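Undergrad: Before anything else, here's the structure in question.
Printed below as a string of structure tokens:
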């Protein structure tokens, strides 16, 4: 048998509250929490429990004031809550949004006289129902009006309405009555209606105002009216205990307590608990959050199945928690999953009637608590429940702090805070009265029209059933989204309750139907692999194909003839099937002809960078058995040291012989440049090229009417596929000259003139492309190259809507912009469909697929690739199966061949046992590129090596390497709120080594010329030092001598040796200018 | 410059990173491999100037101390040739991580050239070798040596603690001729810079790959020889200029 003290702990763990009231032990317990054994134990130690409770009360009474009858001093007092409601009524007097309706069906023979009498008694007993409210100067006050002025039951007869329409009309009447505003100064804060629905069916309907009423008051009303009605039916004098406490006494107590030490403690607790949690939660909505919220609301109902209810109860018993706590946990986790956060604030009402003498007092005692729920993604559901239990119990210990006192104490615009976004409440209706004498009493579910929270999740526990609803603001959400949300809630609740030890982040939100739907939307068009050779098609050059540049247009015949000439010249030069032909040409339409000619000769196209050194060029040609170098006349100084012919494209002689054979050798290689010039070119076969062209075909859907603008240089790996694709489909292929491509304005103007339907570009030319992307003509833009420096892309709104982006990793850093379509009637942009040829998924941070409507990481995989890849964009599936880009994530940078999540890296670092703090940034460096820098503070004196740190991160994250510079610091500079102070972070990527800068002033130029001559140095920077250029003392004398002879300036040796050229020149007479 | 320690916890190596300065093609990195002992002391300034020159040309540069030398950990007896070749590998990996590179150039002076060659032959990510005045490896016993297998002899030290080149060469003469089991990776570019033509021994060592080596003869006082009373070598400006120009011309 447990002792009283041990038993108190057991009771506390099960959220069973007990208190002493005279000789009675009052127990307030959740349903099912007291079994027979516990009941026996309580009874066995009842006296000891009473003694302990009395002692505790006497201890706490020294600091915690009790609510007692105050007397006239409290007359007219209103609570902070009533004050706020009054103000809201003044701002929106006709909204009806502060009304609280409740209706009950009465089945059986109704004694209307008895009911009327019961109502009179009820209003007599509860003074709040006779109140009127007034503004008295700066103060709101209330007065009581005489009983005679109280209107009693108002009748409405639906019994003659046809049966098929009766319920509908009745419900509409209920809704209409619920919206009728109150004149709080001139009418009581409650209206009572009696509706006749049939001979033995009535409804009693109470519409009250929240300035005088809360949810618990309905229970008081049911209880009291039931007792009073029954008494009057029996013609007996009703015996209803009357409370000695008035609401004014509570209001007085509440205001007094707020000034006490205990009240200040509570306020401080809430301020600390909610610090940093007030930012609006980014819950996805159907419409933007308006500046002035409209609290019009709607309701979407649901019910939990019996099996789930049973499992919930079992889990609650096992964990020593309430079902309320479990449902609060799942609500928090669901919202967290929707917004990628593990820290949400859920508002929950508490009765505020802790003291027994308040239980039967009508008035608005309900208080609001803001529960800040935080968890770790790796937590199991069981762990989350335990955390929520601790949070709830802690909050209950400070529930006496009026919510209005807390709200007044926080700065900022409350409308934008997270405090009024999410609500959760749990109503236990099991013990509600179901009979008034012979009348069966049943609550009537009602429509709903107003809510102060964005989303209010509430549950009704009727004993053996659990049902509820989500009330939502209709200015933010559509009914469809809320139905989906309820689906996700039930889905994740079912999974979490069934597997409470699995990490909560692993429970999918997707129902089987949604999974099937996503698979249907994502059924990308398969690659069209046919027997038709696209390369052969390109080389045959369909009649409609043309090549266009600023200088002119080449039709099919010219292309055919010129490419044959090239092929013959190559063959004459000894090029054989499979030989590599290096190509070194500027952007020009002739490069397309060179490509066709090389392939027609059966040789391999091997473009080389124009800036390649002779050594590299020779090495390449040698390694690839190159036979020829095809170049344009702008390339000079070629020194081939290998046995290969150098052919100037423009100088080749045309031959009278025509070359009849088509391109040869399906086994021929086609070499492409890859990476830097230090890496040998990677070769691919024609078969592979066919696949590449095939995949392009399925995504680009080129037609002969298309105009494909290729802004790529000939040495870009994507140049050849781009050109061949366009020609193979008989489209027009357009290429700028090098000069045009280098002039952004000129290029943009030419693009605007061309009106291309497809643009293939590299990142440097993206700006010119995007300025013209608003044209009607452009259907898609393909970006080839490293997009890491272009995360600043502002996707323009076009007449077709907003552009989206995809990509592929295996063939390079492709980017595809495909437009959204436009609503034909409204013109509003609609999401575009996913690109065919890509598998598209929207994932949450834990890699789980998200259902339509929830934004997440856009992850793509091109068909044929093994690995998917992250994009730096977040997107969501619309309910129609389209994709909508929501935002770009700046925390992702491209490094080590992948997108790196800086925040994830940082979090991983901070969690390492030997790291106390860390911060990562990508900062622009002196080169103009971004440099990843990690500042890290280590625990203790030991500083691990950079290798150790990188390995530790890799161990945690698998494939993400912590690249960049690592800078150890004693501590990371942060301000009082923990924010980084970036200026105090040393930047090692910017050094004091100055880049090369040519001499500018006359004196600088003179000195440079003298130094160059004497030191035999070719290139002298303004920041060079004579000594570091290798100058000796003897050479210094020669410099000094020459300077003096030319300028009459006697340069000191010390100055010459220890300063830079610019610094020396600045010390020359007359500011550095030659005298 | 950013000083830090890299490598394993039981063998931390001191390193200095020079970030690139000035706009350029980017994506290029060089690890500087020091000479031995007193040569290292004298050539220190030249190597620093080289690092700055490369940095100005847009290169990422890493200088470091081999184990058992300079500010790196390890006692004298932990300094083995093979260990130093491994250290170059650590430096290469570190530079690749810092600068997001796919490969690096190895620039070695004197013994550093020997070690850089050994390291470069092991690593397919070596994009270029610049061998500055490589040690004269003329001994037959060195030719065909299994560099990776037999380079585990501790480096002999002078009485003052610095390694002696003469002793080192004597040690190398004792290495037996062994077939090299490792398929050598010859980088795409290799440059030898020095006051004279490539030593015969080095020619034989490099073998067929010699045709891929660019030779530049520089007539100037080498940086690893003492020139002044300060004990430092002269700044080998011509060699530095040649190296930075040669690397700068690479796309």
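Residue numbers (the numbering used here), protein chains in the order written: chain F, 569 to 1643; chain A, 14 to 264. Glycine included, each C-beta is placed from N, C-alpha and C at the ideal position. The model shown is predicted, which means the values in this text are computed figures rather than measured ones.
Give a yes or no on whether 7 Å exceeds the smallest Cβ distance from residue 1531/F to chain A.
TA: Taking the first chain and counting its residues from 1, the one referred to as residue 1531/F is at position 963. Cβ-Cβ to chain A under 7 Å: yes for residue 1531/F.
Undergrad: For a contact defined as C-beta to C-beta under 9 Å, what are the partners of residue 1525/F on chain A?
TA: The residue labelled residue 1525/F in the question sits at position 957 within the first chain. Those do not exist, as residue 1525/F stays about 14 Å from chain A at its closest Cβ, beyond 9 Å.
Undergrad: Within 10 angstroms of the Cβ of residue 1239/F, are there 16 or more other Cβ atoms? Answer buried if so, exposed if not.
TA: For the purposes of this step, residue 1239/F is identified with residue 671 of the first chain, where counting begins at 1. With a pLDDT of 48 at residue 1239/F, under the threshold of 50, the modelled position of that residue is not reliable, and no figure is offered here.
Undergrad: Got a sec? Which residues, its chain only, sit under 8 Å from residue 1533/F by beta carbon, not counting five neighbours each side?
TA: In the first chain, the residue the question calls residue 1533/F occupies position 965. Answer for residue 1533/F: 1499, 1500, 1501, 1502, 1556, 1557, listed in chain order.
Undergrad: Distance cutoff 7 Å, beta carbons only. Does residue 1597/F sit that close to anything in chain A?
TA: Residue numbering aside, residue 1597/F sits at position 1029 when the first chain is read from its first letter. True, the Cβ-Cβ gap to chain A drops below 7 Å.
Undergrad: What separation, rounded to the nearest whole angstrom, lies between the Cα atoms of residue 151/A and residue 123/A?
TA: Here residue 151/A corresponds to residue number 138 of the second chain, with the count starting at 1. Here residue 123/A corresponds to residue number 110 of the second chain, with the count starting at 1. Unreliable positioning characterises residue 151/A in this predicted model, as indicated by a pLDDT of 43, which lies under 50. A coordinate reading is not provided.
Undergrad: I'd like to know whether the C-beta of residue 1491/F is nearer than 7 Å to at least one C-beta of chain A.
TA: Numbered from 1 along the first chain, position 923 holds the residue referred to as residue 1491/F. So, not an interface residue.
Undergrad: Which residues in the same chain have their Cβ closer than 7 Å to the Cβ of residue 1322/F, if we skip the five residues on either side of it in sequence?
TA: Numbered from its first residue, the first chain carries residue 1322/F at position 754. 1275, 1277, 1302.
Undergrad: Name the one or two DSSP bridge partners that residue 928/F has.
TA: Within the first chain, numbered from 1, the residue matching residue 928/F stands at position 360. Per DSSP, none; premise fails for residue 928/F.
Undergrad: Are the C-beta atoms of residue 1556/F and some chain A residue less than 7 Å apart?
TA: Counting from 1 along the first chain, the entry for residue 1556/F is found at position 988. Yes - at least one Cβ of chain A is within 7 Å of the one on residue 1556/F.
Undergrad: From residue 226/A to residue 1189/F, what distance separates their C-alpha atoms?
TA: Numbered from 1 along the second chain, position 213 holds the residue referred to as residue 226/A. Numbered from 1 along the first chain, position 621 holds the residue referred to as residue 1189/F. Going by the C-alpha atoms only, they are around 16 Å apart.
Undergrad: Are the C-beta atoms of residue 1513/F and some chain A residue less than 7 Å apart?
TA: To locate residue 1513/F, count along the first chain from 1; it is residue 945. In terms of beta-carbon proximity, residue 1513/F lines the interface with chain A, with at least one pair separated by less than 7 Å.
Undergrad: Tell me, please, whether the segment 724-737 of chain F touches the segment 667-674 of chain F by the rule of three or more beta-carbon pairs shorter than 8 Å.
TA: Verdict: no, contact absent.
Undergrad: From the beta carbon of residue 1502/F, is the nearest beta carbon of chain A less than 7 Å away?
TA: What you label residue 1502/F is simply residue 934 of the first chain in a count that begins at 1. Chain A contact via Cβ: absent.
Undergrad: Would you check if there are 3 or more beta carbon pairs closer than 8 Å linking the segment 1141-1151 of chain F to the segment 1105-1123 of chain F?
TA: no
Undergrad: DSSP state of residue 1044/F, grouped into three classes?
TA: On the first chain, position 476 is the one that residue 1044/F refers to. It is coil, neither helix nor strand.
Undergrad: Who are the near neighbours of residue 84/A in its chain, counting only those whose CB is closer than 7 Å to its CB and skipping five residues on each side?
TA: Within the second chain, residue 84/A is the residue found at index 71, counting from 1. Excluding sequence neighbours, residue 84/A sits near 27, 78.
Undergrad: Taking 7 Å as the threshold (beta carbon to beta carbon), is residue 22/A in contact with chain F?
TA: Taking the second chain and counting its residues from 1, one reaches residue 22/A at position 9. Yes - at least one Cβ of chain F is within 7 Å of the one on residue 22/A.
Undergrad: Between the segment 612-623 of chain F and the segment 571-586 of chain F, can you find at least three pairs of beta-carbon atoms closer than 8 Å?
TA: Short answer: they touch.
Undergrad: Would you please verify whether the beta carbon of residue 1518/F is less than 7 Å from any beta carbon of chain A?
TA: As a first step, residue 1518/F must be located in the first chain, where it is residue number 950. Chain A, which has a Cβ nearer than 7 Å to the Cβ of residue 1518/F, makes this yes.
Undergrad: What is the residue span of the beta strand (DSSP E) that residue 1325/F lies within?
TA: The residue you call residue 1325/F lines up with position 757 of the first chain. No beta strand (DSSP E) contains residue 1325/F, which DSSP labels as neither H nor E.
Undergrad: Assuming residue 72/A contacts residue 33/A under a Cβ cut-off of 8 Å, what Cβ separation, rounded to an integer in Å, is found between them?
TA: Here residue 72/A corresponds to residue number 59 of the second chain, with the count starting at 1. Here residue 33/A corresponds to residue number 20 of the second chain, with the count starting at 1. The Cβ separation is near 6 Å, so the contact holds.
Undergrad: Could you check where the beta strand (DSSP E) with residue 1534/F kicks off and where it finishes?
TA: Counted from its first residue, the first chain places residue 1534/F at position 966. Residues 1533-1537.
Undergrad: Which residues, taken in chain order from the segment 51-74 of chain A, show a beta carbon closer than 7 Å to some beta carbon of chain F?
TA: 62, 65, 68, 69, 71
Undergrad: What would DSSP say about residue 707/F, mapped onto helix, strand or coil?
TA: One-based indexing of the first chain puts residue 707/F at position 139. Three-state result, residue 707/F: strand.
Undergrad: Listed from N- to C-terminal order along the chain, which residues in the segment 87-108 of chain A have their beta-carbon within a distance smaller than 9 Å of any beta-carbon of chain F?
TA: 103, 106, 107
Undergrad: Measure the alpha-carbon distance for residue 1597/F versus residue 1282/F and round it to whole angstroms.
TA: As a working note, residue 1597/F is residue 1029 in the first chain. As a working note, residue 1282/F is residue 714 in the first chain. Distance between the alpha carbons of residue 1597/F and residue 1282/F: 40 Å.
Undergrad: List, in chain order, every chain A residue whose beta-carbon is nearer than 8 Å to that of residue 1583/F.
TA: Here residue 1583/F refers to the residue found at position 1015 of the first chain. Near residue 1583/F (Cβ distances below 8 Å), the residues of chain A are 250.
Undergrad: Going by DSSP, name the residue or residues bridged to residue 936/F.
TA: For this step, residue 936/F is matched to residue 368 along the first chain. 917/F, per the DSSP bridge assignment.
Undergrad: Taking the continuous alpha helix (DSSP H) assigned at residue 558/F, which residues delimit it?
TA: The structure shown does not extend to residue 558/F, since chain F is modelled only from 569 through 1643, so no value can be given for it.
Undergrad: Measuring alpha carbon to alpha carbon, tell me which residue in 651/F, 771/F, 794/F, 831/F is nearest residue 634/F.
TA: Taking the first chain and counting its residues from 1, one reaches residue 634/F at position 66. Nearest option by C-alpha distance: 831/F.
Undergrad: Going by DSSP, which residues form a beta bridge with residue 585/F?
TA: Taking the first residue of the first chain as 1, we reach residue 585/F at position 17. Bridge partners of residue 585/F: 596/F.
Undergrad: Threshold first: 3 residues or longer. Then list the beta strand (DSSP E) segments lying entirely within the segment 649-688 of chain F, N to C.
TA: 667-675
Undergrad: What did DSSP end up calling residue 124/A once you bin it into helix, strand or coil?
TA: Locating residue 124/A in the second chain gives position 111, counting from the first residue. Helix.
Undergrad: Please determine, among 970/F, 987/F, 974/F, the residue with the shortest C-alpha to C-alpha distance to residue 913/F.
TA: Start at 1 with the first residue of the first chain, and residue 913/F comes out as number 345. Cα-wise, what sits closest to residue 913/F is 987/F.
Undergrad: Which stretch, first to last residue, makes up the alpha helix (DSSP H) that contains residue 1349/F?
TA: Locating residue 1349/F in the first chain gives position 781, counting from the first residue. The continuous stretches of alpha helix (DSSP H) do not include residue 1349/F, which lies in the beta strand (DSSP E) extending over residues 1348-1352.
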